[in-house]
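As structure tokens, the structure follows; a few thoughts come after it.
Numbering (the working numbering), first residue to last: 2 to 132.
Here it is in structure tokens:
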């Protein structure tokens with residue numbers, strides 16, 4: 002059963018958003034140093050499970066896409082979990098993708114990360130759109 006744990010200090014959703022903004026802007030190393038705790042694990046299937054592999058991949062992606070834009074749409078915090086719903090565009094002219102990052106915190110440090118994304122289609126029968 003899930004039991005939330007609370008801590009004092011900055012709200013965790015603010016820390017999660019700071020992490021994502023730094024990483025998207027090519028400052029993944031700074032993001033990891035500022036926000037990630039020891040024993041960090043992630044669940045992105047495209048990279049090895051260690052922090053270094055994910056950090057390098059984030060920096061490489063930012064270098065390949067210098068106009069990358071992360072637009073945070075909403076963030077939800079409950080206990081030690083934070084979910085950030087965002088839109089990511091690698092280039093300004095593209096529709097991009099909608100992404101959800103789920104963070105688990107230990108204290109004020111990111112302990113675990115999941116990320117799920119879906120490209121935004123050019124057309125959709127859903128008049129509400131993805132955002």
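Quick reminder that beta carbons are idealized off the backbone N, C-alpha and C, glycines included.
Asked                                                                                                                                                                                                 : Found
Since residue 98 and residue 118 should fall inside the 8 Å C-beta cutoff, what is the C-beta to C-beta distance between them, to a whole number of angstroms?                                        : 5 Å
Between the C-alpha atoms of residue 48 and residue 116, what's the straight-line distance to the nearest angstrom?                                                                                   : 12 Å
Using 8 Å as the cut-off, can you tell me whether the segment 64-80 makes contact with the segment 18-29, which would need three or more C-beta pairs spanning the two stretches below that distance? : yes
Run through the segment 57-130 for me and flag every whole beta strand (DSSP E) of 3 or more residues, listed as ranges in chain order.                                                               : 70-79, 82-90, 98-107 and 110-120
The beta strand (DSSP E) spanning residue 43 covers which residue range?                                                                                                                              : 37-43
Measuring only between beta-carbons, confirm whether residue 85 sits less than 7 Å from chain D.                                                                                                      : Of the protein chains in the structure, only one exists, and it is not chain D.
Expressed to the nearest angstrom, what Euclidean distance is found between the alpha-carbon atoms of residue 39 and residue 63?                                                                      : 24 Å
From which residue to which residue does the alpha helix (DSSP H) around residue 13 run?                                                                                                              : 13-25
Tell me which same chain residues have a C-beta within less than 6 Å of the C-beta of residue 70, skipping the five on either side of it?                                                             : 90
Is residue 33 helix, strand or coil by DSSP?                                                                                                                                                          : helix
Express the C-alpha separation of residue 24 and residue 35 in angstroms, rounding to a whole number.                                                                                                 : 11 Å
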